[in-house]
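Read through the structure below, which is laid out as structure tokens, and then see the notes.
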Amino acid sequence: MSKKAFGIDIGGSGIKGAPVDLSTGEFAADRLRIPTPQPSTPEAVADTVAELIASFDVASDMPVGVTFPAVIKAGVAQTAANVDKSWIGTDVDALLTARTGHDVFVVNDADAAGIAEMKFGAGRRTSGVVQVITLGTGVGSATFVDGTLVPNTELGHLLLHGDSAERYMASSIKEEQDLDWETWAGRLQEYFSHLEFLFSPTRIIVGGGVSKKHKHFLPLLDLKTEIVPAKLRNGAGIVGAAVLAHREEKALLKADEKAVKKGAEKERAKRGAAT
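If you use my numbering, the sequence shown corresponds to residues 46 to 320, in order.
Right, here's the structure in full:
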């Protein structure tokens, strides 16, 4: 099986993709970005995803992983953040598989970033509870227990001061309210202390675009838990989606092989009984 997979990151303003070398976690070709269609309906986005894949020389058997800004259960969108609400209840896996002709595996966008960090970044070889928190327009989260993902944790919506925490301490709030680093770090302290109390993590990894400026705020935090900046940053979604697609494709192949083997054993048993 190929050690490459194709990763796509669907966002509210852009859809980005690239083939990923799964031995290194690096892009195997330059990333392409296409603006997200408006309105971002399932049909329109599916067409854009197909256009993006067609821009590369993607082998027919190469699996495709896609991040999506929603809670995803069995490939179906349960919510819709920064995309058209008609996505709710849509089988994203089935739609994109049919439209692209590739085996497509969909994952929550924050979970994808976490998968990438655990495989190639700041979470590599870390056991226990690891939480990847992305600070951006909102707050995304991915939680891992001994390397296994607990999907769709949505910890940006923990209650803080009677509202979703992200409305108090997302990096977009820092910009909107023109908060200095020390004031914003105070808000992050409240959030991460709450997270630490609830989950007792081994390590917290902070991602999102603002993580490039981690020296301005991470040293101001006082936690028992080790807290470090993410390493993959903007490429994490694409890489994580590709890693997931490869894993899921491999699991399906093993399941098929097991089913074929079981069927052959049953057939042999029938023939033996007949004789």
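From the three backbone atoms N, C-alpha and C, an ideal C-beta is built for every residue, glycine too. None of these values were measured; they are calculated from a predicted model.
Simplified DSSP assignment, three categories, for residue i
i           : result
residue 48  : coil
residue 234 : helix
residue 154 : helix
residue 135 : coil
residue 248 : strand
residue 161 : helix
residue 23  : Absent from the structure is residue 23, since the part of the chain shown begins at 46 and ends at 320.
residue 145 : helix
residue 187 : strand
residue 296 : helix
residue 140 : helix
residue 116 : coil
Beta-carbon proximity list for residue i, same chain, < 8 Å, skipping 5 on both sides
i           : result
residue 294 : 46, 50, 108, 148, 150
Cβ-based neighbour list, residue i, same chain, cut-off 6 Å, excluding 5 preceding and 5 following
i           : result
residue 178 : 186, 251
residue 155 : 179, 185, 186, 187
residue 183 : 201, 211, 215
residue 54  : 61, 112, 282, 283
residue 95  : 144, 145
residue 48  : 67, 68
residue 164 : 288
C-alpha gap between residue i and residue j, whole angstroms
i           : j           : result
residue 209 : residue 65  : 35 Å
residue 76  : residue 60  : 10 Å
residue 167 : residue 280 : 14 Å
residue 253 : residue 104 : 31 Å
residue 162 : residue 276 : 7 Å
residue 68  : residue 218 : 37 Å
residue 288 : residue 224 : 37 Å
residue 100 : residue 255 : 31 Å
residue 195 : residue 292 : 16 Å
residue 175 : residue 245 : 9 Å
residue 229 : residue 116 : 28 Å
residue 242 : residue 86  : 40 Å
residue 220 : residue 106 : 44 Å
residue 258 : residue 233 : 14 Å
residue 78  : residue 102 : 16 Å
residue 152 : residue 272 : 25 Å
residue 266 : residue 274 : 13 Å
residue 269 : residue 140 : 45 Å
residue 134 : residue 84  : 17 Å
residue 263 : residue 169 : 20 Å
residue 278 : residue 207 : 30 Å
residue 138 : residue 227 : 43 Å
residue 261 : residue 222 : 17 Å
residue 171 : residue 290 : 22 Å
residue 191 : residue 181 : 26 Å
residue 71  : residue 203 : 33 Å
residue 199 : residue 80  : 26 Å
Beta carbon of residue i nearer than 7 Å to that of residue j
i           : j           : result
residue 143 : residue 132 : no
residue 97  : residue 146 : no
residue 112 : residue 73  : no
residue 110 : residue 296 : no
residue 159 : residue 247 : no
residue 127 : residue 57  : yes
Cβ neighbours of residue i in the same chain (closer than 7 Å, five flanking residues each side left out)
i           : result
residue 136 : 120, 121
residue 205 : 213, 235, 236, 239
residue 82  : 89, 90, 93
Heavy atom of the ligand ZN within 6 Å of residue i beta-carbon
i           : result
residue 248 : Ligands displayed in this structure: none; no statement on the ligand ZN is therefore possible.
Q) Which runs of the beta strand (DSSP E) fall wholly inside the segment 69-104 and span at least 3 residues, in chain order? A) 77-80
Q. Can you list the alpha helix (DSSP H) stretches of 4 or more residues lying completely in the segment 191-240, in chain order?
A. 211-214, 216-221
Q: Just list the beta strand (DSSP E) runs in the segment 259-290, keeping only unbroken ones of 3 residues or longer that don't cross its boundaries, in chain order.
A: 271-274
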